[in-house]
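Colleague: This is the structure, below, for whatever I ask next.
Protein chains: 4
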Amino acid sequence: MKKERIETREDYIQSLKELDHHVYYRGEPVPDVTEHPAIIPHINAAAVTYELAGNPVYRELMTATSHLTGREINRFTHIHQNIDDLMKKVRMLRLLSHQTGSCYQRCVGLDGINALYSVTYEIDQKHGTDYHKRFRSFLQEVQDRNVMVVGAMTDVKGDRSLAPSDQEDQDLYVHVVERRKDGIIIRGAKAHQTGAVNSHEILVMPTISLREKDRDFAVSAAVPADAPGVLMIFGRQTNDDRKMEGEIDIGNARFSLVGGEALLVFDDVFVPWDRVFMCGEYDFSGLLVERFATYHRQNYGACKGGLADVLIGACALATEHIGVARASHVRDKIAEMIHLAETVYACSVACSAQGHRTPSGAYYADPLLANACKHNITRVIYELGRLGHDLAGGLIATLPSEKDLRSPATGKYVEKYFKGIKDVPTEERIRVLRLIENMTGGTALAESMHGAGSPQAQRIMYLRLGNLEQKKAMARRLAGIGGEE
Amino acid sequence: MKKERIETREDYIQSLKELDHHVYYRGEPVPDVTEHPAIIPHINAAAVTYELAGNPVYRELMTATSHLTGREINRFTHIHQNIDDLMKKVRMLRLLSHQTGSCYQRCVGLDGINALYSVTYEIDQKHGTDYHKRFRSFLQEVQDRNVMVVGAMTDVKGDRSLAPSDQEDQDLYVHVVERRKDGIIIRGAKAHQTGAVNSHEILVMPTISLREKDRDFAVSAAVPADAPGVLMIFGRQTNDDRKMEGEIDIGNARFSLVGGEALLVFDDVFVPWDRVFMCGEYDFSGLLVERFATYHRQNYGACKGGLADVLIGACALATEHIGVARASHVRDKIAEMIHLAETVYACSVACSAQGHRTPSGAYYADPLLANACKHNITRVIYELGRLGHDLAGGLIATLPSEKDLRSPATGKYVEKYFKGIKDVPTEERIRVLRLIENMTGGTALAESMHGAGSPQAQRIMYLRLGNLEQKKAMARRLAGIGGEE
Amino acid sequence: MKKERIETREDYIQSLKELDHHVYYRGEPVPDVTEHPAIIPHINAAAVTYELAGNPVYRELMTATSHLTGREINRFTHIHQNIDDLMKKVRMLRLLSHQTGSCYQRCVGLDGINALYSVTYEIDQKHGTDYHKRFRSFLQEVQDRNVMVVGAMTDVKGDRSLAPSDQEDQDLYVHVVERRKDGIIIRGAKAHQTGAVNSHEILVMPTISLREKDRDFAVSAAVPADAPGVLMIFGRQTNDDRKMEGEIDIGNARFSLVGGEALLVFDDVFVPWDRVFMCGEYDFSGLLVERFATYHRQNYGACKGGLADVLIGACALATEHIGVARASHVRDKIAEMIHLAETVYACSVACSAQGHRTPSGAYYADPLLANACKHNITRVIYELGRLGHDLAGGLIATLPSEKDLRSPATGKYVEKYFKGIKDVPTEERIRVLRLIENMTGGTALAESMHGAGSPQAQRIMYLRLGNLEQKKAMARRLAGIGGEE
Amino acid sequence: MKKERIETREDYIQSLKELDHHVYYRGEPVPDVTEHPAIIPHINAAAVTYELAGNPVYRELMTATSHLTGREINRFTHIHQNIDDLMKKVRMLRLLSHQTGSCYQRCVGLDGINALYSVTYEIDQKHGTDYHKRFRSFLQEVQDRNVMVVGAMTDVKGDRSLAPSDQEDQDLYVHVVERRKDGIIIRGAKAHQTGAVNSHEILVMPTISLREKDRDFAVSAAVPADAPGVLMIFGRQTNDDRKMEGEIDIGNARFSLVGGEALLVFDDVFVPWDRVFMCGEYDFSGLLVERFATYHRQNYGACKGGLADVLIGACALATEHIGVARASHVRDKIAEMIHLAETVYACSVACSAQGHRTPSGAYYADPLLANACKHNITRVIYELGRLGHDLAGGLIATLPSEKDLRSPATGKYVEKYFKGIKDVPTEERIRVLRLIENMTGGTALAESMHGAGSPQAQRIMYLRLGNLEQKKAMARRLAGIGGEE
C-alpha cells in the first residue's frame with residue numbers, strides 16, 4: 001500500500017491491487033480480486049464506505065473525530081465516544097443499506113476495534129499487561145491509513161461438544177503454536193469471514209469463553225491480509241454464477257448480494273508482539289466475545305432494516321407493474337413489511353440510546369437490547385422474504401434468463417409475454433423481480449440467521465442478562481407473598 | 001378540593017372523597033369511589049404516581065421542572081422539553097408497571113396535555129386564536145394542584161361507516177350543541193375512559209380527523225369531573241366480582257387489573273371559554289388525534305414491557321414451585337418471554353430517542369416508531385399470555401377459590417393436593433397462579449389490543465408515514481432502472 | 001339412579017338429583033348440583049349429548065350400534081369399530097360445539113373407555129389377567145344405562161422432578177393403599193376433572209409411564225361418583241360469578257364456558273375387584289396414557305374448530321353491528337379465522353382417517369397426527385382469541401353490566417351510547433360482545449393449552465413417533481452419501 | 001412416440017428423445033432435453049413416477065384400475081373413483097417426495113384430467129355439447145400410452161386490473177383466434193409450466209372465471225407438446241448453473257430442485273375439434289379453475305410434507321455431524337419441524353377423506369380443507385426453511401465450492417477445516433449442507449407460495465366457502481338473540 005491514506009473509491013481499489021494476498025475461488029487462485037467478477041460487487045459495496053465519507057452530504061454520519069489524534073476519520077475506524085456516536089453508527093448503517101442493497105462489510109472491523117479497545121484496557125487493569133497501548137498504536141494506524149479491517153472471530157469449531165483442546169485436530173480453533181521472542185506463531189482457520197478478500201488487516205479474536213486448559217486459544221492479534229501463511233478461500237453464494245454472466249439476473253448488478261464470505265486460513269502465521277492484544281488471558285475471552293457480539297448485534301436492525309426498505313420499495317414497484325398496487329391485500333402486506341422493518345430498526349436505535357461508558361471510555365451498546373435486535377432479525381427477515389415472495393409473484397422462481405431476453409429467437413416472446421401494465425417496459429419489470437429474488441434467496445436469509453451469532457446464542461444471553469431474580473421479587477410482592485406491602 | 005396541592009397518597013384519596021362526581025356501577029350510584037372495592041385497587045394504582053414522586057429514590061424519574069413556573073412538578077403533568085424527558089417518561093412507566101403490575105392510568109392525561117400543548121400552538125399560528133394561552137393557564141393549574149387528568153378522546157361512534165354528522169343520533173360523537181357568550185354546551189359520550197372515576201379533570205378531544213360539515217364535533221375542552229351533567233358508568237372487567245370477595249383470587253389484591261374504564265357521559269355540560277381549546281377548527285382534529293396517538297403509542301412498550309417483567313417473574317416462580325424451573329423447555333420459554341418484553345420496550349425507547357421538537361417547543365416522539373411500538377403490543381401480549389399459560393399449567397383455569405382454601409370442609413384437601421415442592425406453602429403457589437391468571441385474562445389482553453388505537457389504525461399510519469416513494473426510488477436505482485448508476 | 005336408562009335431558013337431570021355425591025364450591029357443600037347456578041350451565045351442555053341422540057336429525061352421528069349387544073347406544077359410550085366411527089366421532093364433536101358454544105364434557109369418558117378397552121386386552125395377553133372381561137362387563141353397564149363417565153387421569157403431581165413414590169406425600173398420585181380380598185382401597189386426587197360433578201362414574205387411570213418401584217400407582221378402576229370417600233371441589237372459572245347474576249354478562253347464558261372442572265379426591269375409596277382394570281401392571285401405564293392421550297388429542301380440532309365457528313359468527317355479527325363488516329381488513333381477519341378453524345379441524349379428520357385397528361378390535365386414531373392436532377390448538381386458539389378481540393373492539397373489556405342496562409338510572413345511557421347501526425338493538429350488540437368475551441377469556445384459552453396434555457407432552461411424542469432414522473436415510477440417499485444412487 | 005406404452009424410465013426417456021418440440025434455455029435451442037444438464041434432473045424426477053409404478057412394492061399406490069378400460073394404469077392418469085383413490089393420491093405424493101426430494105411434475109396433469117373430466121360432464125349437461133365424450137377418448141389415450149400431461153392453466157395476465165379482452169395485447173391470455181371447420185387456432189402463453197419441457201401433452205385450461213365478453217378466452221384443449229406453433233422457454237432456478245458444473249453443489253444431484261418451469265407459447269396453434277373440451281362456455285370457466293385448484297391444493301401437504309421429511313432428516317444429520325444433535329434446543333427445533341410437516345400432511349389427508357362424488361362420478365376433494373392445505377404451505381415452508389437454516393448453521397451460505405474440495409491447492413484446507421465429528425468424512429458433511437441449501441433456497445420457497453394459487457386466492461375461497469351465515473346464526477342463538485333456544 002503506497003498511498004498514505006485511502007480516501008476515495010479509486011484509492012481503495014488501488015490498495016487492493018497492491019495487496020499480495022492469497023485468494024482462491026472455485027479451486028483456482030485469484031490473482032487480482034479487483035478484476036474478478038465474483039468479487040467486484042463486494043468491493044463496490046465496501047467502496048461506498050469510502051465514497052460517502054468524502055461526500056459532504058453524508059459527512060456527519062460517515063466521519064468522526066478521532067479521540068486519539070483529533071483528526072477527522074472514517075466512522076468505520078472510530079471508537080464510540082458517547083451515545084451520539086452509537087446512534088450515528090446505526091443511522092450510517094441504514095444509509096449504506098439504502099445505497100447498496102447489500103453488505104458493505106466494514107462493520108465487523110468496526111465492532112472488532114471497539115470490542116478490543118475496551119477489553120485490552122480491562123485486561124491490563126487486571127493483569128498489568130500493556131495490550132491497550134499496543135492496541136491504540138495499531139488503531140491509530142488503522143485510522144490514519146483508513147484501512148479496512150476484518151473482524152476474525154468465528155473458528156471452524158469441528159465437534160461442538162468438545163472444548164478446543166479436546167478436538168482431535170486442535171487446529172479447528174485458531175491458537176498459538178509457538179511463542180517466540182519477537183512474536184507468536186498462530187495456526188487455524190476462521191470461517192464466514194465477511195469482506196476478508198478485500199480487507200487490508202485481519203483482527204483475530206477468540207470465538208468462545210475459554211477455560212484455563214484452553215489458554216493457547218485465547219489469542220487476539222492483528223495480521224496483514226497478505227502476511228505469509230494467510231490464505232483465503234472465497235465461498236459460494238446463492239446464484240453466484242450469475243455474477244459472471246451478465247447484469248440483469250444478478251438482481252443488484254453493482255453490489256450483488258450480502259456476504260461474500262471466505263474461509264481464512266492461518267497456516268503458521270507469525271505475528272510480532274506489538275500486534276498481539278491477548279495471549280493466554282483466557283479469563284477475558286468470554287468478555288471479548290460478548291463485547292464484540294453486542295456491538296455486532298446492535299447493527300442488524302439498521303443494516304437489515306435498511307435492506308428491508310429497499311425490498312419494500314421493490315415490492316411496491318412489482319405490484320404497480322401488474323396493476324395491483326392498490327389492492328387492499330397488497331397494501332396490507334406493504335404495511336406489514338414496514339412494520340417489521342421499523343421494529344428491527346427500533347431495536348438498533350434502542351440499544352444505542354441505552355448505551356453506557358466502559359472503563360476505557362469507549363461507549364458500549366446495551367447488551368440485552370442488542371440481543372433483542374439480532375434475535376428479531378433471525379425471524380423478521382424470513383417473514384419479509386415470505387411477504388416479498390407473496391407480492392412479487394411466482395415469476396421470481398420461473399423467469400427466463402437475461403440471455404432469453406436478448407436472444408433473437410426468444411427475446412420477442414419474453415418481451416411480449418412478461419409485459420405488465422402499459423407504460424412499464426418488460427425489462428424494468430424483470431429487473432425489479434430479479435432484485436427481489438436477489439434479496440430473498442438462500443444466502444440473504446441464512447446470513448440474517450447466523451451473522452453476529454446464531455439464535456441460541458441470544459437466548460443464552462437473555463437468561464444471563466434478564467435479571468430473573470428481580471422479576472421474581474416483583475411478582476412475589478404483587479402476589480402478596482413475603483410480608484411486604 | 002380544599003388542599004392546594006396533592007402531594008401524597010392520602011392527599012389524593014382525600015381529594016377524591018371531596019369530588020362530587022356521579023359514578024355508577026352495576027346500575028347503582030357509587031357515593032364514594034374511595035370506599036368501593038371495585039374501584040379501590042385502581043385508586044391504589046394511580047396513587048403510586050403520587051407516592052413515588054415523593055420518594056427521593058424515584059424523584060429523578062417521577063418529577064420534572066415545569067417550563068412554565070420553574071417549580072418541581074409531577075412528571076405526569078410535564079410538557080416534554082427534550083429527548084431526555086421522552087426517555088424518562090418511558091423509564092418511569094416501566095418502573096410503575098413493576099410497582100403495580102397494573103394500570104396507573106395517568107398517562108392518558110399526560111399524553112393529552114402534551115398533544116394539546118403543541119396543537120393549540122399551531123392552531124393559533126394558523127387561525128389567530130388564543131387557545132394556547134388558555135391551555136397554558138389550564139396546564140399551570142394542573143401542574144400546581146397536581147391533579148389527575150383523564151384524556152377523553154374515544155367517542156362511542158355508533159355506525160362506523162357514517163361521519164359524525166350523518167349518524168342518526170348525532171350524540172354518538174361529542175359535539176357542541178350550543179355556543180354561548182360565556183362558553184359552550186357539549187353533549188355526547190366518551191367510551192373506555194381509563195381512570196375517569198378517580199380523576200379530577202377531563203380533557204375532551206375529538207376522536208377522528210373531521211371534515212367541514214363536522215365542525216361542531218371539533219371540540220376540545222377541560223371539564224371538571226364533577227361538572228354538572230357529567231356522569232360515569234364504570235365498566236366490568238374480567239373477574240371483577242373477585243374484588244368484592246377476598247384477596248387471593250384477584251391475583252393482585254392491591255392494584256387489581258389493567259383498566260378500570262368508564263363510559264363518560266356529557267349530558268349538556270357547560271364549559272366556560274377559558275377552558276375551551278378547540279371549537280370548530282376541524283382542520284386540526286386529525287393532527288390532534290395523531291399527536292395524542294403517537295404519545296400514547298410511545299408508552300406501550302414500557303408499560304406492557306414492565307407488566308411482562310412481572311409476568312415473567314411469576315412464571316419463573318410457578319415453575320419453581322413444581323420443580324421444573326430447570327427443564328430446558330421451561331428455560332427456553334422464559335427466554336422467549338424476555339425477548340418479547342425487551343423487544344417492545346426497545347420500541348418505546350427508540351421512538352423516544354428519535355423524538356423531535358414541535359413548533360411549540362414541546363418534544364414529540366417519532367410517530368413511525370411509536371406506531372411500531374403499539375402494533376407490536378397487539379401481538380406480543382397475546383403471545384406472552386400464551387407462554388404464561390403454558391408455564392403456569394392448567395391450574396389457572398381450574399383452581400378452587402380462596403374460600404375453599406379457608407373452609408374447614410375443603411381447606412385441608414386444597415392445602416394437601418395443591419402442594420408443589422417441599423418448601424413452598426400451597427398458598428404461595430396459589431397466589432402466584434392467581435397473579436398469572438389476572439395478568440393474562442380477557443381484559444388484560446383486550447386492553448393491549450385496542451388501547452391507543454386498534455391495529456388497523458397503526459397500519460394506516462404505516463402507509464402514510466412509511467415513505468414509499470423514497471423506497472421505490474432506492475429499489476429502482478439498485479435494479480439499474482432509470483439511467484442512474 | 002332408579003331409571004334403567006338415561007334417554008332424555010330430563011332423565012339425565014333426574015339421575016343427577018338422585019346421585020349422593022359430595023360436591024363443594026367456594027367452601028360450601030352443594031346439595032343438588034342441578035340447582036346450583038354455577039353448575040347448571042355445564043349440566044345443560046352435557047344434557048345436549050342426550051337430547052341430540054334422541055333427535056332423528058342427528059341420530060346417525062350421535063348414536064352407534066354396540067358391538068357388545070347389538071343395541072343402539074349413545075356414541076359417547078361406543079367402542080370405535082372402524083375408521084368411520086372415528087370420523088363420526090369428530091363430526092359429532094364439531095356439531096356439539098356448534099350447539100353449545102361450550103364444553104359438553106363427555107369426550108373424556110368416551111376416550112377413557114376406548115383406551116382401557118384396548119389396553120386391558122393387551123395386558124391380559126401378556127399377563128394372563130382377566131381385566132378385559134371385567135371391563136367389557138362395566139362397559140356394557142355404561143352403554144345400557146347410558147351413564148356419563150369422567151375419565152380421571154391427571155394426578156395433582158406435587159414436585160414434578162420426583163417420581164410418585166419419591167414424593168414427600170405419596171398421595172399426590174392416586175395409588176393403592178390396601179389390597180383386600182374383595183377389592184382395593186385407593187387414595188389420592190385427580191385435578192382438572194371436566195364434568196366430574198355431573199357424571200355418574202369415574203374411570204381412574206394412571207397419569208404417567210411408571211417404573212417398577214411405582215407399581216402401586218399403576219391403578220385403573222371404575223368408581224361411582226357417589227362412592228364413600230369420593231369428594232369433589234368445583235373450581236373457579238373466568239367470570240364465574242356472572243353465572244349467579246343474570247343472563248347477558250355470562251355471554252352464553254345456557255351453556256356458559258368450557259370446562260367446569262373439579263378436584264376429585266379419593267379419601268380411601270374402596271373398589272371391588274370386578275371394577276379394577278389395572279392393579280400393578282406398571283409396564284402398561286405408559287401405553288394407557290398414550291392411548292387415552294391420542295384419543296383425546298384427536299378431538300381438539302373438531303371441538304375447538306366448532307367453537308371457532310361460533311366465534312367467527314359472533315365476530316361477523318359484531319362487525320356488522322357497527323357498520324364495518326365489509327371493510328377489507330375485517331374480511332381478511334374473518335378469512336384468517338376460517339383458515340385457522342379449518343386447519344385444526346383438518347387435523348382431527350386426518351388422524352381419524354388414518355386410524356388403525358388395535359389387537360382388541362377397537363380402532364385407534366393415528367397418534368402422530370393426533371399430536372399435531374392438539375399441538376396446533378395450543379397456538380391457534382390464542383390467535384383466534386387475538387383476532388376475535390381485534391374484531392370485537394375494546395368494548396369487550398369495558399362494557400357496563402347487564403344491571404346498568406336494566407337500571408332506571410343508567411339504562412337509557414347504555415341504550416343510547418352503545419347503539420351501533422340503525423336496525424340492531426343495543427342489547428343484541430351487547431349480547432354478541434359478551435359471547436365473544438366469554439369465548440376468548442382466560443379459562444377458554446388455558447383449557448386449550450393444557451387439556452389433553454400440555455405442549456411439551458406433544459413435542460416429546462413428535463420425537464418418539466417422528467421416525468427420524470427413516471428421514472435421515474432419505475436425506476443421505478438424496479445427498480449422494482453411502483454408495484446408493 | 002413409437003412405443004405403444006411408456007412403462008419404464010428408459011421408455012420415458014426414449015419417448016422424449018422422439019418428441020419434436022421446441023425448447024429454449026438461456027436464449028439457445030435445446031435439441032434434446034434428455035441430454036441437457038439443466039433439464040436432466042427434472043426428467044429423472046418425473047421418471048420416478050414410471051419406475052415406481054413398475055415396482056411391486058409400490059404398485060398399490062402407484063397404479064390404479066382404469067374405470068374406462070378396466071386395465072391397470074399409472075395412477076397419474078387415473079380419474080379418482082372413490083375416497084380411497086383420493087387418499088392414495090396423497091400417500092403416493094408423499095412417497096415420491098421421499099424418493100426424489102424434488103418435484104416430479106406429473107400432479108398438474110393428473111389434476112387437470114380430473115378437473116376436466118367432471119367439468120366437461122357438467123358443461124354437456126347444461127349446454128348439450130359433447131365435450132365429455134371427446135375428453136374420455138383423449139383420456140383413454142393418455143391412460144393407454146401412459147403419457148405425461150402438463151396442466152396448462154396460468155396465463156401470463158399482463159395488467160391484472162383489466163379483464164382479458166380489455167388488455168392492450170389480448171394475447172396475454174390464451175384465446176381462440178379462429179374457429180375453423182376442422183378445429184380452432186389458439187394464441188397466447190402460459191407461465192410457470194411445471195414439467196412442460198418433458199411432457200408429451202399439454203392440457204390448456206382458462207385461468208380465471210370469465211364473463212361473456214371474454215368468451216373467446218374460455219378455451220380448453222389438448223395439444224401435443226410438439227404441435228406446430230408451440231414453443232417453450234425454460235426458466236431459471238436458484239443456483240441453476242450448478243447443474244452444469246458438478247455434483248455436490250447442486251445438493252440433490254439426481255433430482256435437483258422443485259420446479260423446472262417453462263413459459264409455454266402458443267403461436268397460432270391448431271387444435272382439431274376432437275381435442276377441444278371447452279370453447280366459449282365462459283360460464284364454466286370459474287368452475288374449472290376451482291376444480292383444478294382444489295385438486296392441486298389437495299396435493300401440497302403431501303408433496304411438501306414429504307419434502308419436509310427429507311429436510312428434517314438432513315438437519316438431523318447436519319447437527320449430528322457437529323456433535324450437537326442431542327442439545328435440547330436442537331431437539332426442540334426438530335420436533336417443531338415434525339409438527340409442521342405433519343400439520344400440512346394432515347390437511348392433505350383431511351380434504352381427501354372428506355371428498356365427495358361429482359355428477360360425473362369422479363371424486364372431488366373437499367375444497368375448503370384443500371384451501372386450508374395450500375394456505376398453510378405458504379407459511380409453513382418458510383418456517384421450515386428458517387428452522388433448517390438455524391440448524392444447518394451459517395455454512396450453507398458460505399461453503400466453498402466442490403471445485404475447492406477437489407483442487408490440489410485448496411482441497412486439503414477444505415477437508416481439514418470443515419471436518420465435524422471424528423467419524424464423518426468432510427465431504428458427507430458438505431453434501432448434507434448442500435442438500436439443505438437446495439431445499440430452502442429461493443425457488444423452493446417461492447414455489448410453495450404461488451404453486452396452486454397465491455395466498456390471496458385461498459383467502460377469497462375461505463370467504464366464499466366458509467358459510468358465514470350459518471356461523472352467524474349459531475352465534476345469535478347462543479347469545480340469546482332472536483327468541484330461539
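Chains as they are written, first to last, in the working numbering: chain A, 1 to 485; chain B, 1 to 485; chain C, 1 to 485; chain D, 1 to 485. Note that CB positions come from ideal geometry on N, CA and C, so glycine has one too.
Where Thr-154/C and Gly-306/B are concerned, what is the direct C-alpha to C-alpha distance, given to the nearest angstrom?
Modeller: 35 Å
Colleague: Reducing DSSP to helix, strand and coil, say where Met-205/D ends up.
Modeller: coil
Colleague: Report the rounded CA-to-CA distance for Arg-91/B versus Val-349/A, giving the unit in angstroms.
Modeller: 16 Å
Colleague: For Asp-159/C and chain A, any beta-carbon pair shorter than 8 Å?
Modeller: Taking Cβ atoms only, chain A never reaches closer than 8 Å to Asp-159/C, which makes this a no.
Colleague: Quick one: what does DSSP say Thr-319/A is sitting in, helix, strand or coil?
Modeller: helix
Colleague: Between Tyr-295/C, Thr-69/C, Gly-385/C, which lies nearest to Gly-109/C when the distance is taken from Cα to Cα?
Modeller: Tyr-295/C
Colleague: Can you give me the start and stop residues for the alpha helix (DSSP H) that Ser-118/D sits inside?
Modeller: 107-127
Colleague: Using DSSP bridges, identify the partner residues of Met-278/C.
Modeller: Ser-220/C
Colleague: Would you list, in chain order, the members of the stretch 7-18 of chain A that have their beta-carbon closer than 8 Å to a beta-carbon of chain D?
Modeller: Per Cβ criterion, the list is empty.
Colleague: From the DSSP output, in three-state form, read off Leu-231/D for me.
Modeller: strand
Colleague: Within 8 Å (strictly less), CB to CB, does Asp-332/C reach chain A?
Modeller: yes
Colleague: Let's see if you can read the secondary structure: which residues bound the beta strand (DSSP E) around Gln-193/A?
Modeller: Here the beta strand (DSSP E) through Gln-193/A covers 183-194.
Colleague: Leaving aside the five residues before and after Thr-129/B along the sequence, list all residues of the same chain whose C-beta is less than 7 Å from its C-beta, in chain order.
Modeller: Apart from sequence neighbours up to five positions away, the residues of its chain that approach Thr-129/B with a beta-carbon distance below 7 Å are Ile-123, ordered along the chain.
Colleague: Within this structure, are the beta carbons of Leu-263/B and Gly-235/B separated by less than 8 Å?
Modeller: yes
Colleague: What did DSSP end up calling Tyr-417/D once you bin it into helix, strand or coil?
Modeller: helix
Colleague: Please check if any C-beta of chain C sits within less than 8 Å of the C-beta of His-389/B.
Modeller: Chain C, which has a Cβ nearer than 8 Å to the Cβ of His-389/B, makes this yes.
Colleague: Thinking C-alpha only, which one of Asp-216/C, Leu-317/C, Ala-316/C is nearest Ser-285/C?
Modeller: Looking at the Cα atoms, Asp-216/C is the closest of the given residues.
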